[in-house]
Each structure stands twice: as C-alpha cells, then as structure tokens.
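What follows is a short report on a single structure.
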Ligand SMILES: [Zn+2]
Ligand SMILES: [Zn+2]
C-alpha cells in the first residue's frame, strides 16, 4: 500500500461514517432507534474495540500476553474490522510512537508544530488525532519496527485482506445481526448496518484516536515519563482501558493499563478471563511496589499536575543547540 492508496483509504473511512450518521438521522425521522439497532451497535463496537485494544495494541504491538493461534487470529480480524488499516502497519506506527514519543519521528505527537499559540495547539491536536494519517510521506517500516509480525504468515494474510475483512464487519455482520435480532425484518437489516457498521466505525475511530491526541495533551500524569502522555478517566470505558495512557507509557508491556482498582480497564478484564480459562497465558504484570515506587518518583522530580505543558525540546532542536554551543566553544578556543 503506497502513500496515495493509504490516503484514499483513510479519506474513505473518514467520509463514509459521516454519510452513515446522515443516513441514521434520515431513518430516525420516521422510525425510532430500535432494540436490534442497539444490539448491532453494542456488539460491533465491542468486537472492533476489543480487536484494537486487546488485539492490535496489547497482543500484537506490545506482546503483553500469549495466546493460542486461533485466538490471536480472531483478535487480529476483530481489530481489522475497526477500519484503522492493516494490523502490521498499525503495530509498526504504534511501536515507533513508543520509541520516539513526542520527539522527532513520532508519527502522531500533538507537539509537532511547537509553540503555545492557539493555532499551533489546534494544528498539533488535529495532526495527532487524524491529520497524521493523511501524511503521504509517513511510513513506519514494518521490517524495522515489527519483524516478528512480518514473519507471521497468518498476520500477513489478514493484513493483506484488510479491506475485505473490514467490509464484512462494516456491512454483512451488522446487517446480519439486525436481521436476526428482529426476527427476519429486512428494514432492521438495513438499520443494523447503519448503526452497527457506519455509526460504530465513526464513534470507535474518534474515541480511539482521542487517545493519541488528547491522551498526550490533557489529563493527569501519575508517572514521570519522557513524553507527555496523560491518563483520561472519561475515555476509559469507550477505549477499553487504553486511555490510561500515562500508565501505559510508563509500563508499555503491562497487560493492565488501569493500575488502581478504580481505573476501569475492559481489555485487562478480557485478558484476565482468557487467562483464567486457559485460553491465554504469561500476561505481563507489574509489581505493585514497582508501580508505587515509580509513581513516588514523580513527586521527587516534579510533575503531576505541575508538569510543563510543553514536552522537552525535540531532538533536532537539541542537536542544533548542541552544535551551536560546540562551535561557540571552538571560536572561544581560537581567541
Ligand atoms: Zn502515546
Ligand atoms: Zn502502546
């Protein structure tokens, strides 16, 4: 998939959901939102959401737990239904994000434009939310960032057929749910498609992308990480726990992103259920003592709500500053 195809794909998945919302409004004009629509929306949102959070993010990008091959494949297919591109490309961008968080080379940092003006902030947030997906020059080489996933034959197949899988999850399955739940009403198949397919795609996309944009911009920091990641409580349920993003940057491989009893984390519960039933094993768990020691470190170095609004200077600026300082020192030597 080259840059142009990627841009076309992203444009399609951004525009089609808006058409879906418009269609939903027209349909609602005469007909209330029914039980079969709600079932289709909730079931499809859950499948795609678990696919992204548990499958793409915790299993593929971070290897937070191990599972049987059919379950790994099912999670990769579920994540593909979310319409965020091929699994291997998603994981490559994400690993690169962790490696270069809020610095040069981060695919989706809201601090790309620097500065504190309102325009710079809004441009940065747009870039981190959705704009980065339109950047034709942005590629995260899968061979470099996830050779383990590229070697996986099943995952390569799922990644190569992502449009087909996404369309099945966008049209066929939600329409089938509407049809089945309503007892065979063709109109419910159509409205099931609108709510479980199009509206679901729109909602899940923006709520997931909000972790990249708002999750590096506004919210609380428990851990002193080198980036600007934040925890966002209100996004915890719809993001299946991925919005405990500062926790996640502090301990990227942890199977749990929620690290206190009150931090809802549906993906962690799902992994726990798989582990308890023997369907998954070796989840990465971080000792409570280690978590608390790291959190206590934050108060020693400052941070928390007092963390600076700006991340450390990007590498290029620091490099420039260092070479300027070095040439100034050289000039001093000559004198
Ligand atoms: Zn992040
Ligand atoms: Zn991550």
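In the numbering used here, the protein residues as written are 681 to 1015. For every residue, glycine included, the Cβ atom is placed at its ideal position computed from N, Cα and C.
How about residue i: is its Cβ closer than 6 Å to a heavy atom in ligand 1?
{"i": "residue 909", "result": "yes"}
If I measure Cβ to Cβ from residue i and keep anything under 7 Å in the same chain, skipping five residues before and after, which residues do I get?
{"i": "residue 959", "result": "747, 748 and 751"}
{"i": "residue 935", "result": "738, 744, 745, 948, 951, 963, 964 and 965"}
{"i": "residue 761", "result": "727, 728, 731, 845, 846 and 849"}
{"i": "residue 773", "result": "787 and 820"}
{"i": "residue 905", "result": "926, 929 and 930"}
{"i": "residue 775", "result": "741, 825 and 826"}
{"i": "residue 898", "result": "910"}
{"i": "residue 887", "result": "915, 918 and 919"}
{"i": "residue 704", "result": "874, 875 and 879"}
State the CB to CB distance for the pair residue i and residue j, rounded to an integer number of angstroms; the pair is presumed to be in contact (CB under 8 Å).
{"i": "residue 974", "j": "residue 903", "result": "5 Å"}
{"i": "residue 781", "j": "residue 929", "result": "6 Å"}
{"i": "residue 791", "j": "residue 972", "result": "Contact flag wrong, Cβ pair sits at about 29 Å."}
{"i": "residue 721", "j": "residue 875", "result": "4 Å"}
{"i": "residue 871", "j": "residue 707", "result": "6 Å"}
What first and last residue would you give for the alpha helix (DSSP H) that runs through residue i?
{"i": "residue 786", "result": "Here residue 786 belongs to no alpha helix (DSSP H), and DSSP marks it neither H nor E."}
{"i": "residue 904", "result": "Premise fails: residue 904 is in no alpha helix (DSSP H) and is neither H nor E."}
{"i": "residue 831", "result": "Careful: residue 831 lies outside any alpha helix (DSSP H) and carries neither H nor E."}
{"i": "residue 739", "result": "No alpha helix (DSSP H) contains residue 739, which DSSP labels as neither H nor E."}
{"i": "residue 755", "result": "749-761"}
{"i": "residue 872", "result": "866-873"}
{"i": "residue 892", "result": "880-893"}
{"i": "residue 854", "result": "853-861"}
{"i": "residue 947", "result": "946-956"}
{"i": "residue 804", "result": "798-809"}
{"i": "residue 1026", "result": "No statement about residue 1026 is possible, as the shown extent of the chain runs from 681 to 1015 and does not include it."}
{"i": "residue 920", "result": "No alpha helix (DSSP H) holds residue 920; DSSP gives it neither H nor E."}
{"i": "residue 825", "result": "822-825"}
{"i": "residue 726", "result": "715-730"}
{"i": "residue 847", "result": "842-847"}
Kindly list the residues whose CB is nearer than 6 Å to the CB of residue i, restricted to its own chain and excluding five residues on each side of it in sequence; keep chain order.
{"i": "residue 985", "result": "Low per-residue confidence applies at residue 985: pLDDT is 39, beneath 50, and the placement is therefore not dependable, though the value from the model is reported in the following sentence. Excluding sequence neighbours, residue 985 sits near nothing in its chain."}
{"i": "residue 933", "result": "742, 744 and 964"}
{"i": "residue 839", "result": "766, 767 and 768"}
{"i": "residue 931", "result": "966"}
{"i": "residue 946", "result": "920 and 921"}
{"i": "residue 793", "result": "800, 803 and 804"}
{"i": "residue 753", "result": "834"}
{"i": "residue 869", "result": "855, 858 and 859"}
Between the Cα of residue i and those of the options, spot the shortest distance and give me the residue it belongs to.
{"i": "residue 825", "options": "740, 854 and 926", "result": "740"}
{"i": "residue 873", "options": "854, 761 and 920", "result": "854"}
{"i": "residue 788", "options": "798, 799 and 803", "result": "803"}
{"i": "residue 943", "options": "821, 926, 840 and 792", "result": "926"}
{"i": "residue 883", "options": "801, 917, 864 and 861", "result": "917"}
{"i": "residue 698", "options": "896, 941 and 877", "result": "877"}
{"i": "residue 724", "options": "956, 702, 880 and 901", "result": "880"}
{"i": "residue 841", "options": "862, 759 and 887", "result": "759"}
{"i": "residue 939", "options": "954, 901 and 956", "result": "901"}
{"i": "residue 863", "options": "700, 702 and 717", "result": "717"}
{"i": "residue 859", "options": "968, 715 and 702", "result": "715"}
{"i": "residue 812", "options": "828, 843 and 764", "result": "764"}
{"i": "residue 828", "options": "771, 968, 707 and 957", "result": "771"}
{"i": "residue 778", "options": "885, 807, 798 and 896", "result": "896"}
{"i": "residue 806", "options": "893, 976, 937 and 703", "result": "893"}
{"i": "residue 696", "options": "834, 719, 851 and 784", "result": "851"}
{"i": "residue 843", "options": "757, 816 and 857", "result": "757"}
{"i": "residue 861", "options": "713, 784, 719 and 702", "result": "719"}
Skipping 5 residues on each side, what residues in its chain have a beta carbon closer than 8 Å to that of residue i?
{"i": "residue 647", "result": "Residue 647 cannot be examined here, being either before or after the span of the chain that is shown, 681 to 1015."}
{"i": "residue 830", "result": "768, 822, 823 and 836"}
{"i": "residue 700", "result": "874, 877, 878, 879, 881 and 882"}
{"i": "residue 955", "result": "745, 961 and 963"}
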